[in-house]
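The next block holds one structure in the form of structure tokens; read it before the comments.
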Amino acid sequence: MPRRARIHFVSIRSSLINLPISIYGPLLERSVRPQHLAVHLTRISSGRGGSDDKLGAYVGWTGMASASSLAHFNASQSSGGESFETVEIDPQYAQGLGFEQDDLVEIGLIHDMGQATTVGTEPLTADDWEIIEIHAAHVESTLLSQVRVAKIGQEIDVWVLGRTRVRLRVVSIDPSAKDGALLLTTNTEVSIAPKLHKQPSLSKNLSNGHSIASRKPVEGVQPNMNLEPTSKPGNSEVLRVLPSRLFTTLPAYLGSELIAFVSPQTFGALFGPEQDSLANDHCICFQARFKLRQGPVDPTSSSSSASNQTPVARVLKPGSSEKEKENQSTKAPEFPGTGEIYIGCLPDVVDQHIVFSALTESVQDWDVVRITAQAGGSSVAVEKLGTPEVEPPAPSTSTGFLAGVDDILKQCNEHCIHQFMLHSQQDFVHGVSGLLVTGRSGAGKTSIARSIAKSLQEDSRTLTYVHHVDVSKYADTPISTVKNLFNYWFEKAIWHRPSVVVLDNLDKLLSAEVEHADSFRSRQLTEVFLSIYSSAARTAAANCYGIIMIATAASTTSIHPLLNSMHLFKEVVHVQPPNKDARRDILSRIVQKTLEIATDITVDSQTSLNFTALATQTEGFSALDLQDLVARAIHQVAMRVAQSNSQTTKLTATDFANAQADFVPLSLRDVKLQKSDIAWSDIGGLYETKQVLRETLEWPTKYAPIFAQSPLRLRSGLLLYGYPGCGKTLLASAVAKECGLNFISVRDLFERASAAKPCVLFFDEFDSIAPKRGHDSTGVTDRVVNQLLTQMDGAEGLEGVYVLAATSRPDLIDSALLRPGRLDKSLLCDMPGKEERRDILSAVSQKLNLSPSVDLDTLAEQTEGYSGADLQAVMYNAHLEVVHENIAALSAMDKPSTRDDEAPIEFVVLRDRKKGKDSGMSRAEQMALQRRLRQIVDNHRDTHQSETPTSKAAKGKQPETRPKHEICENHIEKVLKTTRPSVPPEERIRLERIYKAFVSDRSEDLPVPPDAGGIGNRVSLG
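Mapping of the sequence shown onto the UniProt record's numbering: position 911 corresponds to residue 911, and the numbering continues sequentially without gaps.
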């Protein structure tokens, strides 16, 4: 049975009520939450003699008890009358509902009321709308704390900042309910339609024929697009604006009216087929109205102010968190962009498109407009003054001289055209078709992506809208803003489709996860990105018909792995560094373009530029490096002219040579290259080994055109093995200088080595990083060997990269690395024989002063069993013996004078007696004073000697140098007495047996367990 209570006004400042104590108590015992309860109030009688008509309203509960309820109950008991509790309600809200003070109402509690998904409301007055516009965020955040129930036709009140009351009326709810009332929850969207102040009479505007659609009407109401009254409304079409530069010929018109052209099909749909022939034959343009349809607005743009925006419906999500509010995609306000236009017919225009003869301030290329034909409107004849050609815009510098990438451009264009063709055969496309362009920095990824997008834009089969974004500038942007941008880019592509979205430097924003850093941001953004653009998203994605995405990144591994696993990119294209022919073309085009801009600079006709030679000298340069090189050469010209005051500015090969000095290409700026001064002549012996190294490394680089014609795969891997100290590392150091190759001695730099080609990757002590697999319980070395196998395999193609490895234990290296196609050739650095030892001694002594009395042949016989490093140590130690001997002789000669100089200087310290008794000087103070006095005396002596004739004569003899220290036979014999070979005979015999087995006795049989179910024994590397 419903309980009865009287209305009592209390300033609650919300659309909620306080229930009587008798109802509050049971609800509190059952732990009923106010958010799940609706209250139905029905008026039984008026408390002050007003109307007794029944009045009902659905309200929410504050969760509190009525404070006046107990007082009214006690008062009624004492008076002996009928007692009623009270229900407290805000007086302003009660008056809006029709309740008055002391009205008797029945209270019904509804526990199972349905929940609203969307609620449509409208302000009661225009002032209410203005307040909502100003305080929309506050209303959204506090709505659920003030309103719990919405009923169609019922008023709900919201207090802004606890002071200002805003009155709204519910006009619609979804889903529909039996009583028209639903609960508001955190999942409810509340939309508020705009309500404007009434405008003055527009009869004057109608009479003079001016547009009246200067302000957007209330959502859902169509404006009158005709200037003159007509019995039949004009036909309308939604068309996309094409740039006039895409059409080489357009009819000319000298009048002031705005002219546009559409296809014959669109023209017939607007004005009827009977007007089609008239427009074609006589080039007649008929009057129409255009209205701009505003697309999505950039959430990061702050150019539009609230003062010039047209009011639009506010959509509130009162239960959403701050983060969810930021994630909501901002729909654009529809700005007024209307006007009068005359439409003509042009067969070259694609159907459902329009070409403006001159764009207005509100309508730009690729916008979407609605064209409405004017029934009974006027027409103008376009004068055929010829068909003046519209010059296409000059290509930008980013795509003006692309060379060496013709195959890539063709492949990418064909892929995009194929995807658009597939879209044309489907009604619904799940996910955006992606194209990924990878390459190192400066390879031209951005220019290629722009060129592809531009070709699709100018292709009459596609006519795509291009939206280019450099996502690297959003690397530090808050996640909420980036999410809004993802939605904005997608909505913009849908609005202008067919569209191409170019996301440059995608790996800077959606980077791969790393172990040593927090990757939560990257993963979260990647998941949001895939939920919008990928076909494998968990949520239902929008129709991606006519949308293609082109992204650029350094490599497929630099982007988040989820992007590869979700099949977002249907095609991946890798941009290789330009080869010699491509570099020649790039240099030629850059110089030609530069000379067109700088007309005062010319090429020297006598010494014309040899671009083929320049391309040969710029091996490993990217397109960006070549552009920087040309700029540096132009600067060299300017510097030369400024120094010589010459009036002629000619670009010569010398300018390029000076520009290339100290210029480091992008591929080598972060690579530590090994510099070496060791030449082939500094290495004695090893004649066959040096010859094979020259054939493998030096000849293919020096005679590249000849070796390019070879049908066989060139050798790219060498293994140097041999006894310790026999010159393995020394040979590798000589390669860097003699072969003119970049030299990198780091373990895992194959990719950077390819960028720095021609390049040699040198691995010293190769057996330590590439041992036999299966011998490491952690699996680390196994992964290293597997990576080496992958990179060195012929399928990967190490063009211009040579692998050079050195080891003393070739038997410990994994056998897979020694197969053809990897380390093709194994070269033994053997212990030197007598002739080789003499050659080594002669090479080492080139930089030393060796006495003629030293017989190298005799010394070579005395050093049997010595390695190359041992022989070098013998000569260096002999040189040190000479140095020590001369130092001892000079010390004996200078000994007496040194003693005189070191004699203490006598001095007397004069102190002021007034300051007290002299306490004396410490030993440290006396030594410091001695040093200062010694310095003063030495300076005085040097000054006195410089003025004497003897000192002047001594100065004249100063240029005479002392004879160099000569290494005599006695010095070498002294060293040999204390020197032993670094490789003992026992170790030499053991290594010789290992090398012999490595070369001759290797078999293809692999060890197997003793039986099928057995387990093989693990051996160590020892």
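A virtual CB, placed ideally from N, CA and C, is assigned to each residue, including glycine.
Just so we're clear, the structure is a prediction, and the values are computed from it rather than from any experiment.
TODO: Output the boundary residues of the alpha helix (DSSP H) element that contains residue 970.
DONE: Here the question's residue 970 lines up with position 970 in the sequence shown. Its alpha helix (DSSP H) spans residues 969-977.
TODO: Report the three-state DSSP secondary structure of residue 1015 (helix, strand or coil).
DONE: By 1-based counting over the sequence shown, the position of residue 1015 is 1015. Because the pLDDT at residue 1015 is just 44, under 50, the model does not fix this residue reliably, and the point stays unresolved.
Task: Own chain, CB closer than 8 Å to residue 9, minus 5 neighbours either side, in chain order - done: Counted from its first residue, the sequence shown places residue 9 at position 9. Cβ within range, chain order: 88, 89, 90, 91, 94 and 101.
Open item on the list: Does residue 597 pass the burial test, meaning 16 or more other C-beta atoms within 10 Å, or should it be called exposed?
Closed with: Within the sequence shown, numbered from 1, the residue matching residue 597 stands at position 597. It is exposed - the Cβ of residue 597 has fewer than 16 other Cβ atoms within 10 Å.
Open item on the list: Closer than 8 Å is the cut-off here; do at least three beta carbon pairs connect the stretch 694-708 with the stretch 854-865?
Closed with: no
TODO: Using 10 angstroms around the beta-carbon of residue 491, count the other beta-carbons present and answer buried if the total reaches 16, otherwise exposed.
DONE: As a working note, residue 491 is residue 491 in the sequence shown. Under this definition residue 491 is a buried residue.
Open item on the list: Starting from residue 41, trace the beta strand (DSSP E) in both directions and tell me its first and last residue.
Closed with: Here residue 41 refers to the residue found at position 41 of the sequence shown. Run containing residue 41: 38-45, per the beta strand (DSSP E) assignment.
Open item on the list: Taking the alpha-carbon of residue 301 as reference, which of 569, 148 and 488 has the nearest alpha-carbon?
Closed with: For the purposes of this step, residue 301 is identified with residue 301 of the sequence shown, where counting begins at 1. Answer by Cα proximity: 488.
TODO: Using DSSP bridges, identify the partner residues of residue 543.
DONE: Translated into the one-based positions of the sequence shown, residue 543 becomes position 543. Answer is 430.
Open item on the list: Given this structure, state the Cα-to-Cα distance separating residue 41 from residue 130, to the nearest angstrom.
Closed with: Numbered from its first residue, the sequence shown carries residue 41 at position 41. Numbered from its first residue, the sequence shown carries residue 130 at position 130. Computed Cα separation, rounded: 31 Å.
Open item on the list: Could you compute how far the alpha carbon of residue 935 sits from the alpha carbon of residue 889?
Closed with: The residue given as residue 935 occupies position 935 in the sequence shown. The residue given as residue 889 occupies position 889 in the sequence shown. Each residue's Cα considered, the two are about 27 Å apart.
Open item on the list: Pairs of beta-carbons, one from the stretch 838-848 and one from the stretch 766-776, closer than 8 Å: are there three or more?
Closed with: no
Task: Same chain, Cβ closer than 6 Å to residue 308, neighbours up to 5 away in sequence not counted - done: For the purposes of this step, residue 308 is taken as residue 308 along the sequence shown, with counting starting at 1. Its pLDDT being 43, under 50, residue 308 is placed unreliably by the model, and nothing is read from it.
- [ ] Could you please give the first and the last residue of the uninterrupted alpha helix (DSSP H) stretch that includes residue 759?
- [x] For this step, residue 759 is matched to residue 759 along the sequence shown. No alpha helix (DSSP H) contains residue 759, which is instead part of the beta strand (DSSP E) from 759-763.
Task: Backbone CA spacing between residue 858 and residue 981 [nearest angstrom] - done: In the sequence shown, residue 858 corresponds to position 858, counting from 1. In the sequence shown, residue 981 corresponds to position 981, counting from 1. When rounded, the distance between both Cα atoms is 17 Å.
Task: Rounded distance between the beta-carbons of residue 633 and residue 615, thought under 8 Å - done: Your numbering for residue 615 matches position 615 in the sequence shown. Your numbering for residue 633 matches position 633 in the sequence shown. With a Cβ gap of about 14 Å, residue 615 and residue 633 do not count as contacting.
TODO: Check whether the Cβ atoms of residue 1030 and residue 163 sit closer than 9 Å, and answer yes or no.
DONE: Any question about residue 1030 goes unanswered here, given that the chain covers just 1 to 1022.
Task: Contact check, residue 428 vs residue 546, beta carbons under 9 Å - done: Within the sequence shown, the letter at position 428 stands for residue 428. Within the sequence shown, the letter at position 546 stands for residue 546. In this structure, residue 546 does not lie closer than 9 Å to residue 428 by Cβ.
Open item on the list: Distance check for residue 348 and residue 247, CA to CA, integer angstroms please.
Closed with: Counted from its first residue, the sequence shown places residue 247 at position 247. Counted from its first residue, the sequence shown places residue 348 at position 348. Distance between the alpha carbons of residue 247 and residue 348: 8 Å.
Open item on the list: I need the straight-line Cα distance from residue 26 to residue 113, nearest angstrom please.
Closed with: Residue numbering aside, residue 26 sits at position 26 when the sequence shown is read from its first letter. Residue numbering aside, residue 113 sits at position 113 when the sequence shown is read from its first letter. When rounded, the distance between both Cα atoms is 19 Å.
TODO: Would you mind stating whether residue 882 and residue 965 have Cβ atoms separated by less than 9 Å?
DONE: As a working mapping, residue 882 is identified with position 882 in the sequence shown. As a working mapping, residue 965 is identified with position 965 in the sequence shown. Cβ distance < 9 Å, so residue 882 and residue 965 count as in contact.
Open item on the list: According to DSSP, residue 159 sits in a beta bridge with which residue or residues?
Closed with: Taking the first residue of the sequence shown as position 1, residue 159 is located at position 159. Partner(s): 165.
Open item on the list: Here's the rule I'm using: 16 or more other beta-carbon atoms within 10 Å means buried, otherwise exposed. How should residue 505 be labelled?
Closed with: Taking the first residue of the sequence shown as 1, we reach residue 505 at position 505. Per the 10 Å Cβ criterion, buried.
- [ ] Could you tell me the boundaries of the alpha helix (DSSP H) in which residue 1023 lies?
- [x] Residue 1023 is absent from the structure shown; the chain starts at 1 and stops at 1022.
Task: Close beta carbons around residue 293, own chain, < 8 Å, minus the five adjacent residues each side - done: What you label residue 293 is simply residue 293 of the sequence shown in a count that begins at 1. Here the set comprises 238, 334, 367, 368, 369 and 370.
- [ ] Let me know if residue 407 comes out buried or exposed under the rule of 16 or more other beta-carbons within 10 Å of its beta-carbon.
- [x] Here residue 407 corresponds to residue number 407 of the sequence shown, with the count starting at 1. Flag for residue 407 reads exposed.
Open item on the list: Does residue 416 come out as helix, strand or coil in the three-state DSSP assignment?
Closed with: Translated into the one-based positions of the sequence shown, residue 416 becomes position 416. Note: residue 416 maps to helix in three-state DSSP.
Task: Bridge partner(s) assigned by DSSP for residue 802 - done: Position 802 of the sequence shown, counted from the start, is the residue given in the question as residue 802. Residue 802 is bridged to 760.
Open item on the list: What does the alpha-carbon distance come out to for the pair residue 568 and residue 532?
Closed with: Position 568 of the sequence shown holds residue 568. Position 532 of the sequence shown holds residue 532. Using only the alpha carbons, I get a separation of about 11 Å.
Open item on the list: Looking only at its chain, what residues have a beta carbon closer than 8 Å to the beta carbon of residue 610, apart from the 5 residues adjacent to it on each side?
Closed with: Taking the first residue of the sequence shown as position 1, residue 610 is located at position 610. Answer for residue 610: 653, listed in chain order.
Task: From 195, 161, 143 and 3, residue whose alpha carbon lies closest to that of residue 189 - done: Walking along the sequence shown from the start, residue 189 turns up at place 189. Checked all of 195, 161, 143 and 3; the closest Cα to residue 189 is 143.
TODO: Assign residue 566 to buried or exposed, taking buried as 16 or more other Cβ atoms, counted over all protein chains shown, within 10 Å of its Cβ.
DONE: The residue you call residue 566 lines up with position 566 of the sequence shown. Buried.
Task: Under 9 Å between C-beta atoms of residue 719 and residue 815 - done: Here residue 719 refers to the residue found at position 719 when the sequence shown is read from its first residue. Here residue 815 refers to the residue found at position 815 when the sequence shown is read from its first residue. Not a contact, by the Cβ cut-off of 9 Å.
Task: Residues of its chain near residue 1044, where Cβ-Cβ distance is below 7 Å and the 5 sequence neighbours each way are ignored - done: The chain is shown from 1 up to 1022; residue 1044 falls before or after that span and cannot be answered.
- [ ] Could you check the C-alpha separation between residue 591 and residue 651 for me, to the nearest Å?
- [x] As a working note, residue 591 is residue 591 in the sequence shown. As a working note, residue 651 is residue 651 in the sequence shown. Each residue's Cα considered, the two are about 10 Å apart.
Task: Inter-residue spacing [alpha-carbon to alpha-carbon] between residue 787 and residue 574 - done: One-based indexing of the sequence shown puts residue 787 at position 787. One-based indexing of the sequence shown puts residue 574 at position 574. Going by the C-alpha atoms only, they are around 20 Å apart.
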